[in-house]
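Okay, so the sequence shown: first residue is -4 according to the numbering used here, each after it adds one.
The beta-carbon is built from N, C-alpha and C at its ideal position, and this holds for glycine as well.
The next block holds one structure in the form of structure tokens; read it before the comments.
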Amino acid sequence: MFSDQRLLVVSAHSADWVWRSGGTIAKYLAGGAAVYVVCLTHGVRGESAQLWKDPDQVAENVRKIRSQEAANAAKVLGVTNLEMWDFNDCMLEVEPKILQKLNEKIRQVQPTLIITHDKRDVTNPDHGFASEIVYRAVIMAKQNGIDCGGLKPAKPCPVYGFEASEPERSGFVPAVYIDITDFFEKKLEAMKCIESQTEGPFIHTRLSTHRGWQASRTIGDKNIKYAEAFTMRDPLVVAKLPVRKLQNFN
Ligand SMILES: [Zn+2]
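Shown next, in the form of structure tokens:
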């Protein structure tokens, strides 16, 4: 179903992509898509509170643990292209170095779709800055005249936004639901790999269940039990107007 798709997922920290898109990633991989995951930071400062309870803890060890957790989750989901970039989190900056690196990555991957953070997430400002970084890098990647070692400009592609952990306070309004019912068990297993954020599986099981119920009632399909919700940065361009049923876009 997705064999002609190249999905690039850009995550502010080492685990956001698991909580917010693990089911979609597993579904795309099962459908034959090429999936690339980039974590801009390890979340050493802002998303590793559990690890910092150890009074002898040091940043290098936290980085190592977070990296291993992400690798374990990737293995469960079947992701073989996972990159940890190790910029500083809390606060992540929209700086030329990171923009250029992501611009190059987009040119290398030539994604047909991108998933990253939505514009606002009150629980961690890094998420909003990651969204801004992706927005700018996507525009850079489309331009001629930027020296990228011969890499060709990328074509325009849709950019989808992750659901925030506290969606109401972050102004998150879903634009699409994707049915992940058949992949939820895998997502749950991957979430449990992130042992340093113990509340993650609880929060995101609830969200996936709630979005599944909403997706189910939206189209009257009782088989949908779990879904992930995303925003869309730009309107879809379609040859005909979508109707109320499960859509398979190729
Ligand atoms: Zn995060």
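Can you find the residues in the same chain that come closer than 7 angstroms, C-beta to C-beta, to residue i, ignoring five residues on each side of it along the sequence?
i	result
Met186	Val13, Trp14, Gly17, Gly195, Pro196, His199
Ala125	Val5, Ala7, Leu35, Leu87, Thr111, His112
Leu94	Ile128, Arg131, Ala132, Met135
Gln0	Tyr23, Ala28, Thr107, Leu108
Gln45	Ser191, Gln192, Thr193
Asp174	Ala210, Ile219, Ala222, Leu241
Arg161	A small correction: the amino acid at residue 161 is Glu; Arg does not occupy that position in the sequence shown. These residues qualify, in order along the chain: Val117, Thr118.
Asn67	Cys188
Output the boundary residues of the beta strand (DSSP E) element that contains residue i.
i	result
Ile173	171 to 174
Met79	76 to 82
Val168	Looking at the DSSP string, Val168 is not in any beta strand (DSSP E), and its letter there is neither H nor E.
Tyr155	154 to 156
Ala159	Per DSSP, Ala159 belongs to no beta strand (DSSP E) and is neither H nor E.
Leu3	1 to 6
Leu108	108 to 111
Which first and last residues belong to the alpha helix (DSSP H) in which residue i is found?
i	result
Gly17	11 to 25
Ser203	195 to 214
Glu318	The question about residue 318 has no answer here: the residues shown for the chain are numbered -4 through 245.
Ser57	It should be pointed out that residue 57 corresponds to Val in this sequence rather than to Ser. 54 to 72 is the span of the alpha helix (DSSP H), which, as asked, contains Val57.
Arg307	In the structure as shown, the chain begins at -4 and stops at 245. Residue 307 is therefore absent and cannot be evaluated.
Ile128	120 to 137
Met253	Nothing can be reported for residue 253: it is not among the residues displayed for the chain, which extend from -4 to 245.
Nearer than 7 angstroms: is that true of the beta carbon of residue i relative to any heavy atom of ligand 2?
i	result
Gly38	As for ligand 2, it is missing from this structure, which binds only ligand 1.
Excluding the 5 residues flanking residue i on each side, which residues of the same chain have their C-beta closer than 6 angstroms to its C-beta?
i	result
Lys235	none
Asp121	Ala7, Asp84, Leu87
Ala69	Leu77
Leu108	Leu2, Cys152, Pro153
Glu184	Val71
Ser9	Cys34, His37, Gly38, Arg61, Ala65
Would residue i be called buried (16 or more neighbouring beta carbons within 10 Å of its own) or exposed?
i	result
Ser(-2)	exposed
Arg206	buried
Leu2	buried
Glu190	exposed
Lys147	exposed
Lys92	exposed
Thr226	buried
Ala65	buried
Thr19	buried
Asn98	buried
Gly26	exposed
Val74	buried
Glu250	The structure shown does not extend to residue 250, since the chain is modelled only from -4 to 245, so the question has no answer here.
Arg286	With the chain running from -4 to 245 in the structure shown, residue 286 is simply not present.
Report the option in the options whose CA atom is closest to the CA atom of residue i.
i	options	result
Asn83	Ala54, Ala222, Trp47, Val74	Ala54
Met79	Lys96, Val71, Cys152	Lys96
Glu158	Ser203, Lys137, Ser191	Ser203
Thr118	Arg58, Arg164, Ala25	Arg164
Ile214	Val171, Pro91, Met227, Arg201	Val171
Lys138	Phe225, Ile128, Ala149, His37	A small correction: the amino acid at residue 138 is Gln; Lys does not occupy that position in the sequence shown. The option with the nearest alpha carbon to Gln138 is Ala149.
Val104	Thr19, Gly166, Pro151	Pro151
Asp11	Glu42, Ala25, Tyr23	Glu42
Leu241	Gly156, Leu231, Lys217	Lys217
Ile60	Gly38, Gln0, Gly26	Gly38
Arg228	Gly123, Lys114, Ala222	Lys114
Lys220	Trp208, Arg212, Pro230, Leu231	Trp208
Arg58	Ala44, Asn67, Ala25, Asp81	Asp81
Trp47	Gly26, Gln192, Met(-4), Arg239	Gln192
Arg212	Arg239, Asn67, Cys188, Arg102	Arg239
Can you give me the Cβ contacts of residue i inside the same chain, cut-off strictly under 8 angstroms, excluding the 5 residues immediately before and after it?
i	result
Asn243	Met(-4)
Thr176	Gly207, Asn218, Ile219, Lys220, Tyr221, Ala222
Pro169	Glu158, Arg206, Gln209, Ala224, Phe225, Thr226
Gly166	Arg115
Val89	Phe124, Glu127, Ile128, Arg131
Across the region 15 to 34 and the region 137 to 149, are there enough close Cβ pairs to call them in contact, namely three or more that are closer than 8 angstroms?
no
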